[in-house]
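With UniProt numbering, the residue at position 116 of the sequence shown is 116, and numbering never jumps. Just so it is clear, CB atoms sit at the ideal spot from N, CA and C, and this is done for glycine as well.
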Amino acid sequence: MAPPIAVAPLVGATTQEITARLLFMVIRWVKCLPTFQTLSRGDQVCLLEESWRDLFLLYMSHWSPGVGDAVSPAAVHHDELNPIEIHYVQDVMRRLRQLSPDDTECSCLKAIVLFKPETMGLCDTHPVEMLQDRAQCVLGDYVRERYPRQPTRFGRLLLLLPILRSISNVFIEKLFFKGTIGNIRVEKILGEMYTMQVDT
1 MAPPIAVAPL VGATTQEITA RLLFMVIRWV KCLPTFQTLS RGDQVCLLEE
51 SWRDLFLLYM SHWSPGVGDA VSPAAVHHDE LNPIEIHYVQ DVMRRLRQLS
101 PDDTECSCLK AIVLFKPETM GLCDTHPVEM LQDRAQCVLG DYVRERYPRQ
151 PTRFGRLLLL LPILRSISNV FIEKLFFKGT IGNIRVEKIL GEMYTMQVDT
């Protein structure tokens with residue numbers, strides 16, 4: 001797993017500042033993840049572009065849950081936003097707050113959503129599948145040792161991931177980023193930013 005990243009306080013920042021900072025945290029995390037760096041550059045970019053939404057939501061729940069809690073049909077001014085997806089965001093934030101995953105669990109969950117072997121465009125899916133399996137094994141072993149009195153905790157953590165994936169990239173872009181980047185796709189911006197940072 002990647003070493004912990006020092007994070008500046010998010011208190012007092014605007015929603016736009018917070019969401020932008022969370023995206024930078026995603027890039028910094030994958031850049032510092034040794035197992036990720038063993039993959040080809042093209043596969044790294046594919047995985048990042050595919051998983052950014054899930055990673056962003058996990059970071060938001062961990063570092064700035066107030067942003068997710070503030071999402072409600074009454075607070076959203078975009079008519080085209082799907083109220084079902086708004087509910088999904090609220091549900092994810094609620095479940096994560098209830099489970100309150102620790103740093104190790106968060107790292108494992110991020111690795112599981114990052115190393116997605118079914119991602120389109122991958123040149124070599126085998127190492128990605130192995131890394132995802134390893135992350136699940138590490139999470140399972142850790143939860144059983146750290147939380148022996150919570151036998152369902154491992155399963156409940158994994159069940160959060162399908163909910164994350166049920167929220168579309170387009171929805172998250174409209175909800176959190178349309179006011180700052182317009183109609184540009186977030187995954188393309190992230191891919192370019194990651195490539196620039198790694199090359200420097």
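Three-state secondary structure assigned by DSSP to Q150: In the structure shown, Q150 sits in coil (DSSP, three-state: anything other than H, G, I, E or B).
Where I167 sits in the DSSP three-state scheme: Looking at I167 - three-state DSSP - the assignment turns out to be coil, as it is neither helix nor strand.
Under the three-state DSSP convention, the category L33 falls into: Shown here, L33 sits in coil according to DSSP, grouped into three states, outside any helix or strand.
Rounded C-alpha distance that separates P127 from L161: If you take the alpha carbons of P127 and L161, they lie about 21 Å apart.
Burial state of R97 (16 or more Cβ within 10 Å): Under this definition R97 is an exposed residue.
Cutoff 7 Å; reference V45; Cβ partners in own chain excluding five residues on either side: Excluding sequence neighbours, V45 sits near G191, Y194 and T195.
Boundaries (first-last residue) of the alpha helix (DSSP H) holding M93: M93 -> alpha helix (DSSP H) spans P83 to L99.
D54 and R153 closer than 9 Å at C-beta: No, these two residues do not count as a Cβ contact at 9 Å.
Local Cβ density within 10 Å of I167, reported as buried at 16 or more and exposed below that: A buried status is given to I167, since no fewer than 16 other beta-carbon atoms sit within 10 Å of its beta-carbon.
Continuous alpha helix (DSSP H) stretch holding E50: start and end: Counting along the chain, E50 sits inside the alpha helix (DSSP H) bounded by residues R41 to W63.
C-alpha gap between I18 and F176, whole angstroms: The straight-line gap from Cα to Cα measures roughly 10 Å.
Same chain only: Cβ atoms within 7 Å of T119, ignoring 5 sequence neighbours per side: C46, L47 and E50.
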